[in-house]
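**Student:**
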Amino acid sequence: MASYRDFHRRSIDQREAFWAEEAKLVHWQRPYEKVLDYSRPPFARWFVGGYTNLCHNALDRHLAARGDQPALVWISTEVNETRSFTFLELHAEVNRVAAMMRSLGVGEGDRVIIYMPMIPEAAFAMLACARIGAVHSVVFGGFAAASLAARVDDARPALMVTADGGSRMGKVVLYKSLVDEALKLAKHPPRKVLLFSRGLDKELQRVPGRDVDWRELAEKHRGAEVPCAWIESGKPSYILYTSGTTGLPKGVQRDVGGYAVALASSMKRIFCAEAGETMFTTSDIGWVVGHSYIIYAPLIAGVTTIMYEGVPIRPDAGVWWKIVEDYKVAVMFSAPTAIRVLKKHDPAYLRKYDLSSLKHLFLAGEPLDEPTHTWISESLGRPVIDHYWQTETGWPLLSAVPGVEKTRLKMGSPSFPVYGYDVRLLHEATGKPVADGEKGVVAVAPPLPPGCMSTVWGDDARFVSTYFCDFKDQQVYSTFDWGIRDAEGYYFILGRTDDVINVAGHRLGTREIEEAVSMHPNVAECAVVGVADALKGQMPLAFAVLKDASKNTGADEVMQTVDRQLGAIARPRAVHFVTLLPKTRSGKTLRRAIQALAEGRDPGDLTTIEDPAALEQIRKALKP
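Numbering (this note's numbering), first residue to last: 241 to 864.
(1) Between the C-alpha atoms of residue 935 and residue 517, what's the straight-line distance to the nearest angstrom?
(2) Does DSSP put residue 713 in a helix, a strand or coil?
(3) Decide yes or no for the touch test of the stretch 630 to 639 against the stretch 606 to 617: beta carbon pairs closer than 8 Å, at least 3 of them.
(4) Per DSSP, residue 639 is paired with what?
(5) DSSP state of residue 512, grouped into three classes?
(6) Throw me the rounded Cβ distance for the residue 479 and residue 351 pair, which I believe falls under 8 Å.
(7) Leaving out five residues on either side along the sequence, give the residues of the same chain with a beta carbon under 8 Å from the beta carbon of residue 377.
(8) Ignore the nearest five residues each way along the sequence and tell me which others in residue 820's own chain have a CB closer than 6 Å to its CB.
(9) By Cβ distance, which residues of its chain are closer than 6 Å to residue 600, with the 5 residues on each side in sequence left out?
(10) Going by the CB atoms, is the gap between residue 539 and residue 299 shorter than 8 Å?
(11) Is it the case that the Cβ atoms of residue 375 and residue 476 are separated by a distance below 8 Å?
(12) What does DSSP give as the partner residue(s) for residue 493 in the beta ladder?
(13) Quick check on this structure: which residue in 551, 576, 543 and 421 has the alpha carbon closest to the alpha carbon of residue 567?
(14) Closest to residue 681 by C-alpha separation, out of 701, 739 and 647, would be which residue?
(15) Grab me the residues of residue 589's own chain with a C-beta within less than 8 Å of its C-beta, minus the 5 sequence neighbours each way, in chain order.
(16) Would residue 202 be called buried (16 or more neighbouring beta carbons within 10 Å of its own) or exposed?
(17) Within its chain, find whatever has a CB closer than 7 Å to the CB of residue 817; leave out the 5 residues flanking it on each side and keep chain order.
(18) In whole angstroms, what separates the C-alpha of residue 860 from that of residue 834?
(19) Kindly give me the distance between the Cβ atoms of residue 277 and residue 288, rounded to whole angstroms, as I take these residues to be in contact under 8 Å.
(20) So, using beta-carbon positions, are residue 366 and residue 402 closer together than 8 Å?
(21) Determine, using beta-carbon pairs with one atom in the stretch 449 to 460 and one in the stretch 334 to 346, whether at least three such pairs fall under 8 Å.
(22) Can you tell me whether residue 760 is helix, strand or coil according to DSSP?
(23) Taking DSSP as the reference, what is the three-state secondary structure of residue 630?
(24) Which residue from 261, 443, 328 and 294 puts its Cα closest to that of residue 536?
(25) When you compare each of 342, 347, 422 and 343 to residue 379 by their alpha carbons, which one comes out closest?
(26) Identify, in the order they occur along the chain, each residue of the same chain with its Cβ nearer than 6 Å to the Cβ of residue 400, setting aside the five sequence neighbours on each side.
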């Protein structure tokens with residue numbers, strides 16, 4: 241892989257020349273004066289003095305060449321509706337919403353909280369903020385009132401944009417009533433709430449003087465033209481809060497110019513999406529994947545983006561593959577959890593549709609186990625690229641980079657450090673690099689590349705103390721993830737550093753044990769947590785979902801599989817069989833809640849849980 245090695249090396253050794261080249265992929269209204277200002281480590285300022293606009297790069301610059309091409313296709317299997325917008329139509333809608341926001345007093349630098357389901361109006365609102373230079377903060381619709389209030393108080397928005405409700409598995413999820421409750425709790429509520437009613441909340445209450453009807457205001461601004469505000473590269477584009485388990489949420493602050501360059505570059509180098517093609521990312525706009533690869537990156541690249549409201553198994557487990565066929569999707573991006581869900585269903589759904597347009601499937605969001613990676617790769621007959629990144633990075637940190645070189649994929653591995661990232665594997669205690677085959681903390685030597693968080697909103701000190709103080713005597717960014725690198729340079733993510741189980745002095749990553757459990761031919765997915773043990777400090781406890789519950793699969797069989805894969809030291813204290821695992825609505829397994837129940841503790845904040853019945857199953861399984 242000499243070619244990609246050389247490419248990556250150049251991005252580290254000749255950092256400024258490298259990124260100056262990539263910066264040509266976006267439009268600059270005013271050229272930057274300096275590629276990188278790293279005079280105040282660990283804070284990195286990219287493309288200093290350059291002025292650009294995310295909305296212009298996503299929409300305006302494409303109008304002449306591809307104005308009639310679909311830009312955004314919205315598909316809802318919840319309300320059985322599809323809406324499509326060309327670049328010209330999306331541009332008109334965004335201009336209108338930008339005018340609406342300005343009429344409500346929103347200006348450059350003001351914050352706008354967007355608390356909306358997966359509907360086109362949410363995309364309009366995000367792009368409208370970018371257009372006028374407002375800073376959006378999208379809050380995932382699964383957060384409860386107190387969580388929303390905490391984010392309101394931190395961001396101090398001039399405007400809240402919401403809807404009456406969303407839908408999940410055919411059930412209405414109310415948004416507006418929760419917003420009302422949150423704003424009663426908040427100390428710094430916005431002056432106005434812009435409300436889009438879908439007709440889902442039959443008892444919708446409006447607050448006089450505060451709530452503004454979307455449709456009524458939109459009518460007043462039909463045909464509006466709002467010029468793009470040209471924003472200095474380092475100014476904030478958005479805030480995205482990470483849902484920490486304790487303390488106040490951290491507002492990940494992203495810049496404008498560096499983010500635009502990173503996304504444009506990633507679409508060319510990593511995702512290999514060409515202008516005129518279609519990309520289908522199955523995430524939610526409330527998460528970083530939705531920001532980067534539903535909204536901004538595809539549009540910046542002139543690619544049609546699909547926005548999906550629904551789940552992967554409704555009306556059946558073939559719905560996503562039907563979308564691939566119907567819209568000739570070239571690039572798809574999903575999460576391992578979703579694939580493990582599909583793995584439990586008839587594989588005939590994968591053969592039912594014409595998937596010949598699909599070039600790559602990308603998976604990220606959590607570690608991808610080798611059995612699932614193998615299964616989906618073989619089932620699709622297409623390259624399935626596991627890649628790894630975080631809310632904080634905004635774009636991939638580890639990945640194959642097929643736009644530079646088509647390197648061999650290893651099942652269960654997110655391949656190599658992405659260009660721009662000087663990745664290190666460091667010993668947790670000494671901070672020294674570990675050898676190939678040894679576990680270490682995945683870290684990045686600063687400066688962080690373009691697109692990564694620039695700071696914590698309103699709290700530079702917290703940015704430094706949270707991310708750059710884990711290792712004494714050196715200032716490096718910690719991902720808080722364990723990793724291992726093999727002799728060929730391939731990385732494997734082993735789980736969070738705080739998801740490590742210490743069994744009699746032996747450190748075991750939950751990911752390793754989960755992967756071993758999944759090696760049993762009848763296990764579809766599993767979750768492993770560490771629970772307190774009087775003798776050994778901690779012991780792993782496994783919860784498994786079977787592919788076929790009618791087969792007489794016993795816990796002993798599963799334990800023997802773990803023994804064979806990892807040795808007796810990793811054997812779970814018990815294996816409990818359940819029909820579903822407790823997950824957030826974004827598909828993340830709630831391991832902390834499972835662990836708490838197993839240790840007889842309160843499971844904590846469960847406002848984002850997909851199905852409370854899953855947690856009840858855990859409770860029952862744990863009863864003697």
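The beta-carbon is built from N, C-alpha and C at its ideal position, and this holds for glycine as well.
**Tutor:** The answer reads as follows:
(1) Look at the range of the chain in this structure, 241 to 864, and you will see that residue 935 is not part of it.
(2) coil
(3) no
(4) 656
(5) Looking at residue 512 - three-state DSSP - the assignment turns out to be coil, as it is neither helix nor strand.
(6) 7 Å
(7) 351, 352, 353, 354, 391, 395, 397, 478, 479, 480, 481 and 491
(8) Counting only Cβ-Cβ distances below 6 Å, and skipping sequence neighbours, we find 854.
(9) So the list reads 571, 623 and 625, once near-sequence residues are dropped.
(10) yes
(11) yes
(12) 479 and 695
(13) When only C-alpha atoms are compared, the closest one is 543.
(14) 739
(15) 556, 557, 558, 561 and 582
(16) Past the boundaries of the shown model lies residue 202; the chain is included only from 241 to 864, so the question cannot be answered.
(17) 784 and 786
(18) 12 Å
(19) 5 Å
(20) no
(21) yes
(22) coil
(23) Residue state, collapsed to three classes: coil.
(24) 294
(25) 422
(26) 353, 430 and 433
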